[in-house]
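> In terms of my numbering, the sequence shown is residues 2 to 305.
Just so it is clear, CB atoms sit at the ideal spot from N, CA and C, and this is done for glycine as well.
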Amino acid sequence: MRRQSSRPSATGRFAPSPTGDLHFGSLLAAVASFLQARSCGGHWLVRIEDIDPPREVAGSARRILRDLQRFGMRPDLPVLFQSTRYAAYRAALGDLIDRGLAFQCGCSRADLPRSGVYPGTCRHGLPRGKRARTVRLRVPAQAVSFTDQVQGEVEENLEQTVGDFVLWRADDLPAYQLAVVVDDAYQQVTQVVRGADLLTSTARQIYLHRCLALPVPTYAHYPVVRGTDGQKLSKRLGSDPIASGEPARALEAALRFLGQCCPSGLDLDSLWRWAENNWRLSAVPREARTAVTPEPSESSKPFS
Ligand SMILES: [Zn+2]
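1) At the level of alpha carbons, what is the spacing between A171 and T162?
2) Please confirm whether S40 and W280 have their CB atoms less than 7 Å apart.
3) For the region 64 to 83 against the region 43 to 54, do three or more pairs of beta-carbon atoms, one drawn from each stretch, fall closer than 8 Å, so that the two count as touching?
4) Where do the N-terminal and C-terminal ends of the beta strand (DSSP E) with D268 fall, by residue?
5) Taking the alpha carbon of F104 as the point to measure from, which residue in R205, D165, V225, L29 has its own alpha carbon closest?
6) Please report the distance separating the alpha-carbon of Y208 from that of G266.
7) Thinking C-beta only, is A221 closer than 7 Å to V155?
8) Residues in its own chain within less than 6 Å of V285 by CB, not counting five upstream and five downstream?
9) Just mark C263 as buried or exposed, buried being the case when its beta carbon has 16 or more other beta carbons within 10 Å.
10) Going by the beta-carbon positions, is the gap between R132 and G95 smaller than 7 Å?
11) Does ligand 1 have a heavy atom nearer than 6 Å to the CB of T122?
12) Please return the same chain residues whose Cβ sits closer than 6 Å to the Cβ of V167, not counting the five positions on each side in sequence.
13) How about A276 and L36: are their beta carbons less than 7 Å apart?
14) So who's on the other strand from V47, going by DSSP bridges?
15) For ligand 1, is there a heavy atom less than 6 Å away from the beta-carbon of C262?
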């Protein structure tokens, strides 16, 4: 239970999926959201997005939480596990269906065009012979626009980019977009700071917030980590667990990547003190300035 009287002015969150250990990419999300919340005098929360059991890696939620602690990042409220929140997702879904904003769709993957944009097949009722597989949100024919605090003005016409999108999956699980929006509102999150790989989800989430009459947080998307070969670091350093290295050096690399000119060689406590006093969201670059050179994870300086 949250006491209204102690509500902070701002609330940020880190919301990892337990699909692997904390790595450099997810460390950035934790550090950026933490420092932005702290610099506003706000709370920082952690939410484990464990609503996709097929993709989960056993033990990774526990290891992510342990690593956050090792880095000195402690959430201000108990960690929220999305697997405890199915009733809330179902209630939001029911509300959208009742109000005609969401509809049942009988299309399988094979029925959809290669573009991935839903053509509206079941918008006005299930075609004869089809049974409901998913539930989709009806999207408007006009653009959703927002000001991203790092990327600037963003505009997306959902009808053209994705079409009516899935809220409830064929395997009877809530879709990521629905769960995020319901929980950002439930946790009273006012600021979302995360990687630009999620920028393409933001217009959908904002539109969903509006459909559910929930307050819309602010958004800031820092650039995606790329290797020297220009590829997103999904396989090499970017997905190497950071558990083995020294936290201060990984934090230093994360701050540098986020455009913060921190001193070199500080110990973890001093580095946090510097970061909390000097964090500037306006210094975060729109695009990655430096590529990260993948090195073997046994290196003593994996993030130089
Ligand atoms: Zn359909």
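Reading it off the structure:
1) Inter-residue distance for A171 and T162 is about 21 Å (C-alpha atoms, whole angstroms).
2) Cβ atoms of S40 and W280: closer than 7 Å.
3) Result yes; three or more Cβ-Cβ pairs closer than 8 Å.
4) Element bounds for D268: n/a, residue is neither H nor E.
5) If we check each option's Cα against that of F104, D165 comes out closest.
6) Using only the alpha carbons, I get a separation of about 44 Å.
7) No, these two residues do not count as a Cβ contact at 7 Å.
8) Same-chain partners within the cutoff: V151, Y223, L259, G260.
9) Only buried fits C263, as 16 or more other CB atoms lie within 10 angstroms of its CB.
10) Cβ distance not < 7 Å, so R132 and G95 don't count as in contact.
11) At least one heavy atom of ligand 1 is nearer than 6 Å to the Cβ of T122, so yes.
12) Closer than 6 Å at the Cβ level, and outside the excluded window around V167, lie T135, R137, A176.
13) In this structure, L36 lies closer than 7 Å to A276 by Cβ.
14) DSSP, once it has assigned bridges, lists F15 as partnering V47.
15) It does not: the Cβ of C262 is nowhere closer than 6 Å to a heavy atom of ligand 1.
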